[in-house]
Amino acid sequence: MTAPLTVIRNATAILPDRLLPAARVLLRAGRILEITKDRARVPRDAVVVDAAGGYVSPGFIDVHVHGGAGADFMDGTAEAVRTACRAHARHGTTTIFPTTTTGSPAEIHALLTACRTVRDEASPANGARIAGVHLYGPFFAPDKVGCHAVDGRRDPTAAEFGKYFATGLVRIATCAAELPGAAAFYRAAQRHGCFITCGHSNASWTEMARAFRGGMRHVDHFWCAMSSVPSVRARLGTPMQGSMEQFVLANRAMSTEVIADGEHLAPELLEFAWRMIGPERLLLVTDSSRALDRPPGRYKFGHPLTGTDFDHDGKVGRAPGGSLASSVMGLDHMVRVMKARTPAPLCDVIRMASLTPAERTGLASDRGSLEPGKRADILVLSPTLRVKQVWLDGVNVRR
Ligand SMILES: [Zn+2]
Ligand SMILES: [Zn+2]
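Numbering-wise, the numbering used here puts 405 at position 287 of the sequence shown, and it's gapless, one number per residue.
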């Protein structure tokens, strides 16, 4: 017996480099079978879905995300992980990398264990599929801790990070390049096949170049908690030196990401990033906290006991002093902001939320675009880019 066929029709298919209007997308046995021009006839026994003139998009892939719907991955329970992953699936994320904050080794191990449990359940009912953990905190520069708990920050030691890598769960690994121990961290991350990134850092060009030789290829949330020419001058004096910003702009092998919630970065910076870095090196991330899909109010960023307080004002998270404390939005919102407030074409915008993160994390042969044979992680979006339906491995999880 052949597996049932799903036909999504009356849609514009979003391909990595162009839109295909009047299209249909066929799914079978959890995979994409075909993307063709729409026709009136459909095979008998097919499940037909009318996209009502909207879009069919590959599911989104979020490499930097802390939680949602009241749960932070640092809560360290399987139920919290499921809650956050389900919330992000409703916003179109089908592959997710739960991201650590600063915190104690025990807290980080609890996150790893909880993520393993949920990943191994392999249930579409759990929402966005966990492709691995993003080990983000605690190895930040002391002067770039941002909204994370300062007490949970420290320099990397092999005794600590070796245990995280040994779980096999860490697929993305962040460390500030200037820290003592960073070179050993990058070596270990490379040995474990991680996508290596530098974030919450005040690194100079020279330190970035050294990190690059160690395998570092990405910078977290461009312009946020990262070095600039003035910040490197304040740290290292004159002559003024290049910073993380120049290093990413000048080096075609580097990628980065933006928090395109409309609150972190003004439209001209989003446009600048798209123009200067380009859709093949720029990722959209949510960096969202547990306040996603929760009413305005006070929340904890990170662990419920040792994390920091922030206020969700309806648009963004803010630390008590007023500085930014991560987003409260899903990737669908980032896609809408990028489309509405920059000249980037829709295929570029969707690429930055799907294929580009898939390529950077080594998943592109399996997912990230509408291509026959890839996983049927599929979204139907309305003409205004609202998420209408979500398929995970060909299973419809939201109607
Ligand atoms: Zn951050
Ligand atoms: Zn973050």
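Heads up, the beta-carbon is just placed ideally off N, CA and C, and yes, glycines get one too. If you're wondering where the values come from, they're calculated on a predicted model, not measured in any experiment.
Item, Value
"Determine the DSSP secondary structure at residue 136, reduced to helix, strand or coil.", "coil"
"Roughly how many whole angstroms lie between the Cα atoms of residue 278 and residue 460?", "42 angstroms"
"Tell me which residues share the same chain as residue 145 and place their Cβ nearer than 7 angstroms to its Cβ, disregarding the 5 neighbours each side in the sequence.", "124, 151, 494, 496, 509, 512"
"Could you check whether residue 177 and residue 210 sit closer than 8 angstroms to each other, using their CB atoms as the reference points?", "yes"
"Using a Cβ-based criterion (distance less than 7 angstroms to any ligand heavy atom), does residue 502 qualify as near ligand 2?", "no"
"Among 432, 258, 270, which one has its Cα closest to the Cα of residue 84?", "Not covered by the structure: residue 84. The range shown for the chain is 119 to 517."
"Opposite residue 247 in the DSSP bridges: which residues?", "213"
"Roughly how many angstroms separate the alpha carbons of residue 408 and residue 134, rounded to a whole number?", "31 angstroms"
"Whose C-beta lies closer than 6 angstroms to the C-beta of residue 480 among residues of the same chain, with five residues either side of it excluded?", "none"
"With hydrogens ignored, establish whether the beta-carbon of residue 264 is closer than 7 angstroms to any heavy atom of ligand 1.", "yes"
"Around the C-beta of residue 241, are 16 or more other C-beta atoms found within 10 angstroms, so that it is buried, or is it exposed?", "exposed"
"Go ahead and pull the three-state DSSP assignment for residue 288.", "strand"
"Taking contact to mean at least 3 C-beta pairs separated by less than 8 angstroms, is the segment 417-437 in contact with the segment 397-404?", "no"
"List the endpoints of the continuous beta strand (DSSP E) containing residue 418.", "415-419"
"Just mark residue 309 as buried or exposed, buried being the case when its beta carbon has 16 or more other beta carbons within 10 Å.", "exposed"
"Considering only DSSP beta bridges, list what residue 127 is partnered with.", "168"
"I need the straight-line Cα distance from residue 256 to residue 219, nearest angstrom please.", "6 angstroms"
"Measure the Cβ-Cβ separation of residue 318 and residue 252 and say whether it is below 8 angstroms.", "no"
"According to DSSP, is residue 144 part of a helix, a strand, or is it coil?", "strand"
"Cβ of residue 191 within 8 angstroms of Cβ of residue 217?", "yes"
"Could you tell me which whole beta strand (DSSP E) segments of length 3 or greater appear in the segment 417-462?", "426-430, 434-436, 442-445"
"With the cut-off set at 8 angstroms, would you say residue 338 and residue 389 are in Cβ contact?", "no"
"Taking the alpha-carbon of residue 149 as reference, which of 315, 451, 483 has the nearest alpha-carbon?", "483"
"Considering only C-alpha positions, which residue in the set 330, 180, 286, 285 is nearest to residue 247?", "180"
"Name the residue from 363, 314, 361, 204 whose alpha carbon lies nearest to the alpha carbon of residue 331.", "314"
"Three-state secondary structure (DSSP) at residue 254?", "coil"
"In the DSSP assignment, what residue or residues form a beta bridge with residue 180?", "214"
"Let me know the secondary structure DSSP gives residue 154 once reduced to three states.", "strand"
"Grouping DSSP H, G and I as helix and E and B as strand, with all else coil, what is residue 365?", "helix"
"Compute the Euclidean distance between the alpha carbons of residue 564 and residue 159, then round it to the nearest angstrom.", "This structure cannot settle anything about residue 564, because the visible part of the chain is limited to 119 through 517."
"Whole angstroms is fine: what's the gap from residue 449's alpha carbon to residue 215's?", "13 angstroms"
"Counting C-beta neighbours from all protein chains within 10 Å, is the total for residue 431 16 or more, i.e. buried, or is it exposed?", "exposed"
"Need the endpoints of the beta strand (DSSP E) that residue 392 sits in, please.", "Where residue 392 is concerned, there is no enclosing beta strand (DSSP E), although the alpha helix (DSSP H) it sits in stretches over 385-394."
"By alpha-carbon positions, which one of 175, 405, 197, 369 ends up nearest to residue 245?", "197"
"Given a cut-off of 8 angstroms on the beta-carbon distance, is the pair residue 291 and residue 312 in contact?", "yes"
"Would you kindly report the start and end of the unbroken beta strand (DSSP E) that includes residue 489?", "Careful: residue 489 lies outside any beta strand (DSSP E) and carries neither H nor E."
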